[in-house]
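Comments concern the structure below.
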Amino acid sequence: MVAFDFRIAGDEIRTRVVIEFEQQPEFSYHLLASPYRLVVDLPDTIFVFSDDLARPRGLISDIRYGAMAPGRSRVVLTAAGPVKAEMAEISENESEGSFRLVLDIAATTDTEFSKLVEEQQWDTQGTAPDTDVARPQDGNDDMFTVVLDPGHGGIDPGARGRNGTLEKDLTLAFGKTLKSALEEVAGVRVVLTRDDDRFISLPERVNIARQNGADLLISIHADSFRLRRVRGATVYTLSDKASDEMSREMAARENRSDLVAGLSLEDEQDTVADILIDLTRRETEVFSIDLAREVISAFDGHIRLITNPHRSAGFRVLRAPEVPSILVEMGYLSNVDDEKLLTDPKWRERTAELLVAAIKTYREKIGSVSN
Numbered sequence: 037m038v039a040f041d042f043r044i045a046g047d048e049i050r051t052r053v054v055i056e057f058e059q060q061p062e063f064s065y066h067l068l069a070s071p072y073r074l075v076v077d078l079p080d081t082i083f084v085f086s087d088d089l090a091r092p093r094g095l096i097s098d099i100r101y102g103a104m105a106p107g108r109s110r111v112v113l114t115a116a117g118p119v120k121a122e123m124a125e126i127s128e129n130e131s132e133g134s135f136r137l138v139l140d141i142a143a144t145t146d147t148e149f150s151k152l153v154e155e156q157q158w159d160t161q162g163t164a165p166d167t168d169v170a171r172p173q174d175g176n177d178d179m180f181t182v183v184l185d186p187g188h189g190g191i192d193p194g195a196r197g198r199n200g201t202l203e204k205d206l207t208l209a210f211g212k213t214l215k216s217a218l219e220e221v222a223g224v225r226v227v228l229t230r231d232d233d234r235f236i237s238l239p240e241r242v243n244i245a246r247q248n249g250a251d252l253l254i255s256i257h258a259d260s261f262r263l264r265r266v267r268g269a270t271v272y273t274l275s276d277k278a279s280d281e282m283s284r285e286m287a288a289r290e291n292r293s294d295l296v297a298g299l300s301l302e303d304e305q306d307t308v309a310d311i312l313i314d315l316t317r318r319e320t321e322v323f324s325i326d327l328a329r330e331v332i333s334a335f336d337g338h339i340r341l342i343t344n345p346h347r348s349a350g351f352r353v354l355r356a357p358e359v360p361s362i363l364v365e366m367g368y369l370s371n372v373d374d375e376k377l378l379t380d381p382k383w384r385e386r387t388a389e390l391l392v393a394a395i396k397t398y399r400e401k402i403g404s405v406s407n
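Note that our numbering has the sequence shown beginning at 37, numbered continuously upward.
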């Protein structure tokens, strides 16, 4: 399925969205709150129209589109206030033999919006991501299992560099490079949360680590920041209170990943603060900090580090209570010098080697402690 054109027009009362397809698509849509969103689910779709065509206007404050999982794609229209779909239908363009999806979106009241959300029929199971790539594997208990988590993916592109580089592409490329390097180490098993351009929710990333009996979870990112001069690698660990304002902003951005993809967070009960109370979480926190220090020590003098490179915040992806976890920002796509390095395969190989050295040192240290 190919979507080759996108049009949006309207005001704060009514807005029309039109998406053109080469073939007739099957689609469904539903509403989500916090924030207000209209989510359109489609079969596997390649979006070939320019991003400039999908600039929000009228009732719509943000537009996202892309893959959710193999065989499934999604368009997420975030609204500035409560909305409803007055029309959602497919019609054929007779002169071209193509098809268009027309969405007429109207402003409504919070009361009507809440009623529509409660009454809608939506198969949430049908939109769950396919995680065949990271199903639990049977293996020797003596193996040291490292789960690598390339951030973002599919409909969630993450940050965009000043030269157009997408964070989701960089994290996947680096994850594969690091996996290859780690697999050269005897006794190490490596699992990727994703090995292609698919969306994986934050809770599912955590579950993959737990289901595979991970000894470590390393989440890989290359974010952006409003101050473009900020550059260098940063290593984050979990905390219920951010170490600084920059860390708080980064965690807030990363934790919105599921919202960007049109998922509801209402069913999620665990909070970072609840997890930190648990004794297991406290012990794991100590191991995570040790790992972060080893990574920073390995990086120091070899690749650029941000000022105060070990920071902490409430990243949802780091919350597995029994799995030592860190989030590594390899650099910042908002900085052109970092973007240049991040897209260099040789730089990624060198950085992966340094991470492997840090993991080996950490593994030896905890092995001597347990013995």
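Ideal Cβ placement from N, Cα and C applies to all residues, glycine included.
On a predicted model such as this, the values are computed, not experimentally measured, just so you know.
By alpha-carbon distance to Asp276, the top candidate from Glu62, Ser216, Val266 and Ala287 is Ala287. Spanning the alpha carbons of Asp233 and Glu130 requires a straight line of approximately 34 angstroms. Excluding the 5 residues flanking it on each side, Phe57 has same chain C-beta neighbours closer than 6 angstroms at Ala39 and Phe135, in chain order.
Annotation: the continuous alpha helix (DSSP H) that includes Val242 extends over Leu238 to Gln247. Per DSSP, reduced to three states, the secondary structure at Leu95 is coil, with no helix or strand assignment. Taking C-beta separations shorter than 7 angstroms and ignoring five residues to either side along the sequence, the partners of Leu152 in its chain run Leu67 and Lys120, following chain order. Leu263 is not bridged by DSSP to any residue. Contact annotation: Thr207 and Ala258 have beta-carbon atoms nearer than 8 angstroms. In the displayed model, Val296 falls within a helix according to three-state DSSP. With a threshold of 16 other beta carbon atoms within 10 Å, Glu203 meets it and is buried.
As far as DSSP is concerned, Ser333 takes part in no beta bridge. If you keep only unbroken beta strand (DSSP E) runs of at least 3 residues inside the segment 343–385, you get 361–365. Judged by DSSP in its simplified three-state form, Asp47 adopts coil rather than helix or strand. It is roughly 11 angstroms from the alpha-carbon of Asp178 to the alpha-carbon of Asp251. Non-local C-beta neighbours of Val372 in its own chain, meaning closer than 6 angstroms and more than five positions away in sequence, comprise Arg198, ordered along the chain. Looking at Met123, Pro71, Phe85 and Val75, the one whose alpha-carbon comes closest to that of Ala116 is Pro71. CA-CA distance, Pro79 to Ala105, rounds to 10 angstroms.
Val353 is positioned such that its CB atom lies no closer than 8 angstroms to that of Val271. Residue pairing by DSSP places Arg100 opposite Val112 in a beta bridge. In this structure Ile362 does not touch Ile236 by the C-beta definition: roughly 18 angstroms separates them, more than the 8 angstroms allowed.
Contact between Leu327 and Phe335 does not hold, since the beta-carbon distance rounds to 13 angstroms and is not under 8 angstroms.
About 10 angstroms separates the CB atoms of Lys215 and Val224; that is not less than 8 angstroms, and the two are not in contact.
Here DSSP, grouped into helix, strand and coil, assigns Asn129 to strand. Here Asp77 carries a strand assignment [DSSP, helix/strand/coil]. In the three-state reduction of the DSSP assignment, Ala195 falls in the coil class. By the Cβ-count criterion, Asp380 is exposed, with fewer than 16 other Cβ atoms from all chains shown falling within 10 Å of its own Cβ. The C-alpha of Ala217 lies about 8 angstroms from the C-alpha of Glu385. In this structure, the CA atom of Gly298 is about 15 angstroms from the CA atom of Arg289. With a cutoff of 8 angstroms on beta-carbon distance, Ala245 and Gly350 are scored as not near each other. Take the alpha-carbon of Val392 and the one of Leu74: they are about 43 angstroms apart. For Phe135, there is no enclosing alpha helix (DSSP H); the enclosing beta strand (DSSP E) covers residues Ser134 to Ala143. In the DSSP annotation of this structure, the continuous segment of the alpha helix (DSSP H) that includes Arg289 starts and ends at Glu281 to Asn291. Here Lys215 carries a helix assignment [DSSP, helix/strand/coil]. Its chain contains Thr181 as the residues whose beta carbon lies nearer than 7 angstroms to that of Gly249, once the 5 sequence neighbours on both sides are disregarded; these appear in chain order.
In chain order, Ala45, Gly46 and Asp140 place their CB closer than 6 angstroms to the CB of Arg52, counting only its own chain and leaving out the 5 sequence neighbours on each side.
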